[in-house]
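Structure, as structure tokens:
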Amino acid sequence: MRLNVAVQMDPIERINIGGDSTFALLLEAERRGHALAYYTPDRLAQLDGAVFATAQPLAVRDVKGDHFTLGEPRRLALASFDVILMRQDPPFDLAYISATHMLERVHPATLVVNDPAHVRNAPEKVFVTLFPELMPPTLVTRDRTEIQAFRAKHGDIVMKPLYGKGGEAVFRLAPEDLNFGSLYDLFAVTFREPWVVQKFLPAVRQGDKRVILVDGEFAGAVNRVPAPDDLRSNMVRGGVPQATDLTAREREICAKLGPALRERGLLFVGIDVIDDYLTEINVTSPTGIRAIKALGGPDIAALIWDKIESRR
Ligand SMILES: Nc1ncnc2c1ncn2[C@@H]1O[C@H](COP(=O)(O)OP(=O)(O)O)[C@@H](O)[C@H]1O
Ligand SMILES: [Mg+2]
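Below you can see the structure in the form of structure tokens.
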């Protein structure tokens, strides 16, 4: 089967091919003989009812500094593709939301991965609150009195933006920390939306585990250990990837989430687990599959393409 595949992503010349999950998906698609076309979200256009993109044929290679070749740009109806990979990175802002609206016009006649309506509905730190029994104690608010009460109860807390990514602006406040007032004020002027206040999990020193689910099934995992001088495990912040297995509790978490992901068309999902507590469900543009394979784990790009092909 040869599929016509478009990838909607950030500029391909800027990616780090060693760690980029989108690139892993593209390499596998090319290996399977699918035709690839590439465009960035700013080449989308909706004319009356139909959505178009100015896209370029794409060839990829696993070679640093020479990882892609683009052909001549052509304006194509999105409906002419069999599959569209929606893979631009957050921020999850109105630009992101607008792109999901456009892609929703062609899905599911053209299979969009992940389902754009459900991506829009499931920002990582919001979707996860559907599963409070799996999470650490978590408050979403911008109300100072609420935060003070939560802090009085839990002592050691973390404050982080609701739509943050890559460890941006994640702060720990120990019980005696006098910076609460200033940090509160800073968040209040920086963000218009509520933010996340969460019980601090000291076991984060042992790592934050990224677990990948493909069509609701566990596919692979990588642990990420923060740098000694940082709270954040994100690899872009110096978190070090380590091979890992699932704990019994993590298997339970996957089993509980599986049906909810499958029924929403969230085919490629990365969840984050600290100390057996679920903190995030990443559906926008999850990463981790190259690190998992590099550490001797499964080839998740192949699992994802098996699933996509079985839908076409
Ligand atoms: N409740 C918490 N307890 C301990 N560490 C945390 C907590 N929340 C976040 N962190 C640390 O901050 C990092 C980034 O936070 P996360 O909630 O995953 O947001 P992001 O979307 O920016 O990755 C985590 O990988 C972890 O290292
Ligand atoms: Mg995270």
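This note's numbering puts the first residue of the sequence shown at -7, with every later residue one more than the last.
Note that CB positions come from ideal geometry on N, CA and C, so glycine has one too.
Just so you know, these numbers come straight off a predicted model, no measurement behind them.
Relative to the non-hydrogen atoms of ligand 2, the Cβ of residue 242 never comes closer than 6 Å to any of them. About 5 Å separates the beta carbon of residue 226 from that of residue 158, a gap short enough to meet the 8 Å contact definition.
Just so you know, the alpha carbons of residue 304 and residue 21 end up roughly 14 Å apart. Put simply, the backbone Cα of residue 58 is about 10 Å away from that of residue 9. In this structure, DSSP gives residue 56 a state outside helix and strand, which the three-state scheme calls coil. Boundaries for residue 4: no alpha helix (DSSP H) harbours it, and the DSSP string shows neither H nor E there.
Beyond the five residues adjoining it in sequence on each side, residue 107 comes within less than 7 Å, by CB distance, of 99, 256, 257, 258 in the same chain, given in chain order.
For residue 272, the distance from the CB to the nearest heavy atom of ligand 2 is below 6 Å. Just measuring C-alpha positions, the residue of 287, 286, 273, 299 sitting nearest residue 113 is 273.
For ligand 1, a non-hydrogen atom lies closer than 6 Å to the CB of residue 225.
Membership of residue 118 in any beta strand (DSSP E) is not indicated; the residue belongs instead to the alpha helix (DSSP H) covering 116 to 119.
For residue 186, the secondary structure class from DSSP, reduced to helix, strand or coil, is coil.
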